[in-house]
Amino acid sequence: MQLDTITLPDDLLWINEFEWNLVEQTTERSLTGALLVQEGQLTHGRPIVLSGNGQAGWVSRLTVKNLFTLSKAVSKTMTLKLPDNRQFSVIFDRSNGAPIEAQQLMPFAYPDDSNQYLLTLRLLTVH
């Protein structure tokens, strides 16, 4: 894994792929009671949550450590490459807590870099 590119296992799922609305809408009432609707197309900020949902997408401790190191950089833009050849410019999504969650698949008191972890990664598209 290069520091400017995130390439993850093929079986890590984009669990919120169709939960984003490209059009933002606000509504309010005028003083006359008429409905005022404003709509606009969003260009960036699409959330991407990648997870194996506890069933797949296992990664090594070394991968988790590399992602954690990468997440320490402020305003770091990276390229996310998905297995279907789609690419996105992304940053870590810190708005809803930790951008990286990793739990050991098999608990060890002192895991080495090859031990497997369940991973959830939260990103936002930019550019």
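Residue numbering for the sequence shown follows the numbering used here, starting at 9 and increasing by one per position.
Heads up, the beta-carbon is just placed ideally off N, CA and C, and yes, glycines get one too.
All values derive from a computational prediction rather than experimental measurement.
ask   = How is D121 classed by DSSP in three states: helix, strand or coil?
value = To locate residue 121, count along the sequence shown from 1; it is residue 113. It is coil, neither helix nor strand.
Are three or more beta carbon pairs between the stretch 58-65 and the stretch 13-31 nearer than 8 Å?
Three or more Cβ pairs drawn from the stretch 58-65 and the stretch 13-31 lie within less than 8 Å of each other, which places the two stretches in contact.
**Prompt:** If you run the structure through DSSP and keep just helix, strand and coil, what is F76?
**Reply:** Residue numbering aside, residue 76 sits at position 68 when the sequence shown is read from its first letter. The answer is helix: DSSP assigns F76 an H, G or I state.
Notebook entry, point to check: Between the C-alpha atoms of T40 and E47, what's the straight-line distance to the nearest angstrom?
Noted result: The sequence position of residue 40 within the sequence shown is 32, counting from 1. The sequence position of residue 47 within the sequence shown is 39, counting from 1. The straight-line gap from Cα to Cα measures roughly 21 Å.
- Closer than 7 Å by C-beta to E27: which residues in its own chain qualify, once you throw out the five before and the five after it? Chain order, please. The residue given as residue 27 occupies position 19 in the sequence shown. None.
**Prompt:** The beta strand (DSSP E) with E47 in it runs from where to where?
**Reply:** Numbered from its first residue, the sequence shown carries residue 47 at position 39. Where E47 is concerned, the enclosing beta strand (DSSP E) stretches over L43 to Q49.
Do the stretch 31-40 and the stretch 92-100 make contact, defined as three or more Cβ pairs closer than 8 Å?
Judged by Cβ distances under 8 Å, the stretch 31-40 makes no contact with the stretch 92-100, as fewer than three pairs qualify.
Please return the same chain residues whose Cβ sits closer than 6 Å to the Cβ of T32, not counting the five positions on each side in sequence. Position 24 of the sequence shown, counted from the first residue, corresponds to residue 32. Note on identity: in this sequence residue 32 is Glu, with Thr being the wrong assignment. Contacts found: G48 and L50.
**Report entry** N- and C-terminal bounds of the beta strand (DSSP E) containing F100
**Finding:** Here residue 100 refers to the residue found at position 92 of the sequence shown. Q95 to F100 is the span of the beta strand (DSSP E), which, as asked, contains F100.
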